[in-house]
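S.K.: Would you mind keeping the following structure in view while I ask a few things?
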Amino acid sequence: MTTRVVDGGRSLTFADSLHMGLGIVETENAQSGCQNPCPDAIRLPVPNKRFAHPVGNVTYELEVLGFQEHNGALVGEMLTGENDERSLPLIARLTKTSNVVADAGPDQTVDEAAGVRLDGTRSAVRDLTYLWEQVSGPPVALDDPSSPEPGFDVGWFTEDQQLVFRLTVRDMLEPEISSSDTVRISVRDLNDPPVADAGGPYRVPEGGSTVLAGSATDPDDNVETVTWDFDGDGSHDDGTGLTPTFSAAALDGPSVHQVAVRVCDTFGVCATDTADVEVANVAPTVDLGDDVTVYRNDPVRSVGTFTDPAGALDEPYGYAWTGTGPLQPARGSAEYGASPSTDISYEIEGTYTIDLAVTDDDGGTGRDSQRVTVLNRPPSCADAASSVASLWPPQHEYARVGVVGLSDPEGDALTVTVTSIRQDEPVREPGSGNTGPDATGVGTATAELRAERSGGGDGRVYHVGFVVDDGHGGSCEGTVTVGVPHDSRGAGAVDQGPLHDSTTG
696 MTTRVVDGGR
706 SLTFADSLHM
716 GLGIVETENA
726 QSGCQNPCPD
736 AIRLPVPNKR
746 FAHPVGNVTY
756 ELEVLGFQEH
766 NGALVGEMLT
776 GENDERSLPL
786 IARLTKTSNV
796 VADAGPDQTV
806 DEAAGVRLDG
816 TRSAVRDLTY
826 LWEQVSGPPV
836 ALDDPSSPEP
846 GFDVGWFTED
856 QQLVFRLTVR
866 DMLEPEISSS
876 DTVRISVRDL
886 NDPPVADAGG
896 PYRVPEGGST
906 VLAGSATDPD
916 DNVETVTWDF
926 DGDGSHDDGT
936 GLTPTFSAAA
946 LDGPSVHQVA
956 VRVCDTFGVC
966 ATDTADVEVA
976 NVAPTVDLGD
986 DVTVYRNDPV
996 RSVGTFTDPA
1006 GALDEPYGYA
1016 WTGTGPLQPA
1026 RGSAEYGASP
1036 STDISYEIEG
1046 TYTIDLAVTD
1056 DDGGTGRDSQ
1066 RVTVLNRPPS
1076 CADAASSVAS
1086 LWPPQHEYAR
1096 VGVVGLSDPE
1106 GDALTVTVTS
1116 IRQDEPVREP
1126 GSGNTGPDAT
1136 GVGTATAELR
1146 AERSGGGDGR
1156 VYHVGFVVDD
1166 GHGGSCEGTV
1176 TVGVPHDSRG
1186 AGAVDQGPLH
1196 DSTTG
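Residue numbers for the sequence shown, in the numbering used here: 696 to 1200.
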């Protein structure tokens, strides 16, 4: 018996002898009426004989069911030959069975953070494709899901985990021929990752500092390090511990900076968190120095200085001068470290202010004021003298006498007021003419003095007291004398002092 089978990319041939594989036996009644075996006297002693033939990942099985019949008689033909052989068609059934069996390997138990290698190499036969899929558990990443032996890294968990993977293998020629198997990976929880909290948000002025308030927790209570990144370079090397100090020196506000904390446990497992730090702009600090006291018309130079935590980062700086009195408003710009100045003088005594405002590039403005007290220098009576040094002849007439030799540092117009007139002789001294009063003019700018003296005396001396006012609150006072000699021989009057009021009668 010979049978050839072609199935897609596979072909095979079944070959066997009937007498060996099936056997032909003549029935008893076949001996009486027929020469050679009669067609209807042949039977199969072993019906449904099967012949199996494995090819690749499948096995083909030929099952012989019986002889082909027609109208109850076997169909066949005689073969020419010396043995009078006869050809009889058989009825057979061909089936195909898959030999593909997937094997995902034995279940495994591993520790968290371990590396795992799956093993599908025990899957039966050959010429297979592989596909691994995770069907349950926390997701992991297989390095090559189409490999017989893919690997993956187990992460960190807070409790034991079960990871299940399904392996599906398929015949390369007939992908519909497939088999699946699963494997379970049990993960033991050894360490739980820490939890980092950077706190915040925070706010700090330019040039200032603030203490951060981070926190670190760990389910296993094994926090080892807490480090900080303040400058955003990715290196946590700017601070340690939960409460480091963040400095805003050399940072320009307003701006927002991000700080990051990293918390690591003893297994090297780390967690990070970030927080914002708002750096607020700080207005410049302005200094005009101490208050000053000057005199009228003296030049005054006011020099301002300013500082700013951002320094040159806040350039350009603008400044403005204002104040009371004759100071005219003025504006300008300056680099950091400059010292704006202004010059002024005051004609009128009083108290004035000079104000300087400095504004940085972010709009922050600082101010300072300087108080200027302007004083008036009083007039000087040091060189005061009477406009008439001596009265002669003694004819009992009034003579007008003023005060000269006065001066004022500011050149103010001076007002002289006579405050008293006294003399060293009695007003009605015998021998003087017996007239009175001997002087007038108190309360005016000049004194009226009577030109007379006692004939029996040594001459008369008038003492004219006065006060000088410069109109700005400054004054001086003094006394000038005017003599009436006894005679004209050249000897001057002898002053006995201001003994008598000349203005009484």
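Where a beta carbon is used, it is the ideal one built from N, C-alpha and C, also for glycine. Here the structure is a predicted model, which is why all the values come from computation and not from measurement.
Apart from the five residues on each side of it in sequence, which residues of its chain come closer than 7 Å, Cβ to Cβ, to L826?
M.R.: Cβ neighbours of L826 beyond the five flanking positions: P840, S841, T863.
S.K.: Tell me whether L862 sits in a helix, a strand or coil according to DSSP, three-state version.
M.R.: In this structure, DSSP gives L862 an extended state, which the three-state scheme calls strand.
S.K.: Between the Cα of R1155 and the Cα atoms of G810, S1081, E1143, G1178, which residue gives the shortest distance?
M.R.: G1178
S.K.: Quick one: Cα of Q829 to Cα of S874, how far?
M.R.: Straight through space, the alpha carbons of S874 and Q829 are spaced by roughly 16 Å.
S.K.: Helix or strand or just coil, what does DSSP make of G718?
M.R.: Residue confidence for G718 is low, a pLDDT of 39 falling below 50, so the modelled location carries little weight and cannot support an answer.
S.K.: For R1184, which residues of its own chain have a beta-carbon under 6 Å away from its beta-carbon, when the five flanking residues on both sides are left out?
M.R.: So no residue of the chain qualifies.
S.K.: Does the stretch 996-1014 come close enough to the stretch 904-914 that 3 or more CB-CB pairs lie under 8 Å?
M.R.: no
S.K.: So does the stretch 1074-1089 actually touch the stretch 1040-1058, counting three or more Cβ pairs closer than 8 Å?
M.R.: With fewer than three CB-CB distances shorter than 8 Å, the stretch 1074-1089 does not count as touching the stretch 1040-1058.
S.K.: Determine, using beta-carbon pairs with one atom in the stretch 795-815 and one in the stretch 841-861, whether at least three such pairs fall under 8 Å.
M.R.: yes
S.K.: With P888 and W851 assumed to form a contact (beta carbons below 8 Å), what rounded beta-carbon distance in angstroms separates them?
M.R.: 5 Å
S.K.: Beta carbon of Q1065, beta carbon of D993: below 9 Å?
M.R.: no
S.K.: When DSSP builds the beta bridges, which residues end up paired with E828?
M.R.: R861
S.K.: Just the Cα atoms here: how many angstroms apart are T1000 and G1006?
M.R.: 13 Å
S.K.: My assumption, with CB atoms under 8 Å, is that A945 sits in contact with A893. Please give the rounded CB distance.
M.R.: About 22 Å separates the Cβ atoms of A945 and A893, ruling out a contact at the 8 Å cut-off.
S.K.: Within the same chain, show all residues whose beta-carbon is closer than 6 Å to that of G1274, passing over the 5 residues directly before and after it, in chain order.
M.R.: With the chain represented from 696 up to 1200, any question about residue 1274 goes unanswered, as that position is not in the structure.
S.K.: Under the assumption that G1097 contacts T1141 (Cβ atoms under 8 Å), give the Cβ distance between them as a whole number of angstroms.
M.R.: 5 Å
S.K.: To the nearest angstrom, how far is the alpha carbon of R788 from that of H748?
M.R.: 14 Å
S.K.: By Cβ distance, which residues of its chain are closer than 6 Å to G1136, with the 5 residues on each side in sequence left out?
M.R.: V1113, A1142, E1143
S.K.: Tell me which residue opens and which closes the beta strand (DSSP E) that Q1191 is part of.
M.R.: Careful: Q1191 lies outside any beta strand (DSSP E) and carries neither H nor E.
S.K.: Compare the C-alpha of P1193 against each of G1169, V1163, H1158, H1181 and name the closest.
M.R.: H1158
S.K.: Quick one: Cα of V995 to Cα of S1040, how far?
M.R.: 6 Å
S.K.: Look at the Cβ atom of V878, then the Cβ atom of A808, and state whether they are nearer than 9 Å.
M.R.: Contact flag unset, no.
S.K.: So, are the CB atoms of G1061 and A955 less than 9 Å apart?
M.R.: Contact flag unset, no.
S.K.: Any idea what DSSP makes of A970, helix, strand or coil?
M.R.: strand
S.K.: Rounded to whole angstroms, what's the CA-CA distance from Q1023 to D1133? Just pull it up for me.
M.R.: 57 Å
S.K.: Helix, strand or coil for S1183 per DSSP?
M.R.: coil
S.K.: Name the residue from D866, A836, P1088, V1067 whose alpha carbon lies nearest to the alpha carbon of A797.
M.R.: D866
S.K.: Whole-angstrom Cβ separation of Q857 and G895, contact assumed at under 8 Å?
M.R.: That belief does not hold up - the Cβ atoms of Q857 and G895 are roughly 39 Å apart, past 8 Å.
S.K.: Secondary structure at G1045, three-state DSSP: helix, strand or coil?
M.R.: Strand.
S.K.: Compare the beta carbon distance of E1044 and L1008 with 9 Å and say whether it is the shorter of the two.
M.R.: No, the Cβ-Cβ distance between E1044 and L1008 is not below 9 Å.
S.K.: Secondary structure at L1008, three-state DSSP: helix, strand or coil?
M.R.: helix
S.K.: Can the beta-carbon of S1034 be found closer than 9 Å to that of R1117?
M.R.: no
S.K.: Give every residue of the same chain whose Cβ lies closer than 6 Å to the Cβ of Y1031, excluding the five residues on either side of it in the sequence, and list them in chain order.
M.R.: G1006, A1007, E1010
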